[in-house]
Amino acid sequence: MSEEKKQISIAESKVMETLWRAYPLSAEDVTNGVAAEQNWSVGTVKSLLNRLLSKGAISAEKDGRRYLYSPVLSHDDYITHEGQGVLDRLFDGRVSALLTHFSQHEKLSGEDIAELKKLIKELDDDE
56 MSEEKKQISI AESKVMETLW RAYPLSAEDV TNGVAAEQNW SVGTVKSLLN
106 RLLSKGAISA EKDGRRYLYS PVLSHDDYIT HEGQGVLDRL FDGRVSALLT
156 HFSQHEKLSG EDIAELKKLI KELDDDE
């Protein structure tokens, strides 16, 4: 999804999560997919699907009297875009500032620290 595209809202991300799990899906299938977590009507889901269509995040294919929806935006691209947005907004784009914040305000487990050390070693080895 290009930079010109609008950001996906939290509600739209719930629809995307359903589509990333399985696709293509009808609006009714998507509604059933979010029903356990959200109390949305088919109309609400159709509105969210239309917003996602206009943003280019999903595609729709006519199937008889209904449409089947599929993601265009990959889950990895979404995570990368959202993660970079958080990093830019809260930590001036600096990963070290993010890690410093979490190390000071969150209890890092031994497993977390080991994974970070492994990542740093891999990054050092790539240089």
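56 is the number of the first residue of the sequence shown in our numbering; add one for each residue after it.
Quick reminder that beta carbons are idealized off the backbone N, C-alpha and C, glycines included.
Nothing here was measured: the structure is a model prediction, and the numbers come from that model.
Whole-Å CB distance - P126 paired with W75, under 8 Å assumed: Your numbering for residue 126 matches position 71 in the sequence shown. Your numbering for residue 75 matches position 20 in the sequence shown. About 6 Å separates the beta carbons of P126 and W75, which is inside the 8 Å limit, making them a contact pair.
Buried or exposed by the 16-neighbour rule on C-beta atoms within 10 Å, applied to L174: As a working mapping, residue 174 is identified with position 119 in the sequence shown. Under this definition L174 is an exposed residue.
Coarse secondary structure for I113, derived from DSSP in three states: Numbered from its first residue, the sequence shown carries residue 113 at position 58. Correct three-state label for I113: strand.
Among D180, K117, R106 and K101, nearest to Q62 - alpha-carbon criterion: Taking the sequence shown and counting its residues from 1, one reaches residue 62 at position 7. It is R106 whose Cα lies nearest to the Cα of Q62.
Local Cβ density within 10 Å of E58, reported as buried at 16 or more and exposed below that: Position 3 of the sequence shown, counted from the start, is the residue given in the question as residue 58. A caution first: E58 carries a pLDDT of 42, below 50, which makes its placement in the model unreliable, though a value can still be read off. Around the beta carbon of E58, fewer than 16 other beta carbons lie within 10 angstroms, which makes this residue exposed.
Alpha carbon of E116 to alpha carbon of T135, nearest angstrom: Taking the sequence shown and counting its residues from 1, the one referred to as residue 116 is at position 61. Taking the sequence shown and counting its residues from 1, the one referred to as residue 135 is at position 80. E116 and T135: Cα-Cα distance of roughly 27 Å.
For E164, three-class secondary structure by DSSP: Looking up residue 164 in the sequence shown gives position 109. Position check: residue 164 holds Ser in this sequence, whereas Glu was assumed. Residue state for S164 is assigned as coil, using DSSP reduced to three classes.
Inter-residue Cα distance where the pair is E177 and A77: Residue numbering aside, residue 177 sits at position 122 when the sequence shown is read from its first letter. Residue numbering aside, residue 77 sits at position 22 when the sequence shown is read from its first letter. So the two alpha carbons sit approximately 34 Å from each other.
Pick from D132, L128, L103 and A82 that is closest to S122, judged by C-alpha positions: Within the sequence shown, the letter at position 67 stands for residue 122. Going by the sequence as given, residue 122 is Tyr instead of Ser. Closest by alpha carbon: A82.
Residues near S68 by beta carbon distance below 8 Å, same chain, minus five either side: Counted from its first residue, the sequence shown places residue 68 at position 13. Here the set comprises Y133.
Beta strand (DSSP E) segments (min. 3 residues) lying fully within the region 62-125: Runs of the beta strand (DSSP E) inside the region 62-125: 113-118.
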